[in-house]
Amino acid sequence: CPLNINFLWNYGFLLGIVFFIQILTGVLLATCYTPEISYAYYSVQHILRELWGGWCFRYMHATGASFVFILTYLHILRGLNYSYSYLPLSWISGLIIFLISIVTAFMGYVLPWGQ
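All residue numbers for the sequence shown refer to UniProt numbering, where the first residue is 1 and numbers rise by one.
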């Protein structure tokens, strides 16, 4: 391994893997979820109790959301540490992706109506 490469360069790759897992578990959960106020609770209970591995997919999806933001913060801090601020287009696109992630996470948080 070259001396100029260390473990801090893995955060973007790990973020991509966790993001892919989020998309996969989100699509699997969305196939059985009913987004209506009167059925949201029962839909979540159906996923947890009736579907094979539904509880695992739900908790993987919930925990994966936390990991996405932990890895995103570490990725941003690594960029600040290595002072990559001289690439403004990279920072602007990263900020836009970060803000879209926050909005998406909020929408995913309010979707099951607190269940």
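No residue lacks a Cβ here, since even glycine has one placed at the ideal position from N, Cα and C. Bear in mind the structure is a predicted one, so any value in this text is a computation, not a measurement.
Taking C-alpha atoms, which residue in S66, G94, A65, G64 lies nearest to R78? G94
Just confirm the distance between the C-beta atoms of Y11 and L74, as a whole number of angstroms; I'd bet it's less than 8 Å. 5 Å
May I have the straight-line CA-CA distance separating L71 from L14, to the nearest angstrom? Taking the straight line from one Cα to the other gives about 7 Å.
State the DSSP-derived secondary structure class of T31, mapped to helix, strand or coil. In this structure, T31 counts as coil in the three-state DSSP scheme.
Just verifying my parser: in three-state terms, what is the DSSP assignment at N6? Reduced to three states, the DSSP call for N6 is coil.
Which residues bound the alpha helix (DSSP H) around L74? 54-81
Between the C-alpha atoms of F69 and P35, what's the straight-line distance to the nearest angstrom? 25 Å
Between the beta-carbon of T25 and the beta-carbon of G64, is there less than 8 Å? Yes; because the gap between Cβ atoms is below 8 Å, this pair is in contact.
With 16 as the cutoff for other CB atoms within 10 Å, does Q22 come out buried or exposed? buried
Tell me, to the nearest whole angstrom, how far the beta carbon of F67 is from that of V18; I am working on the premise that it is less than 8 Å. 5 Å
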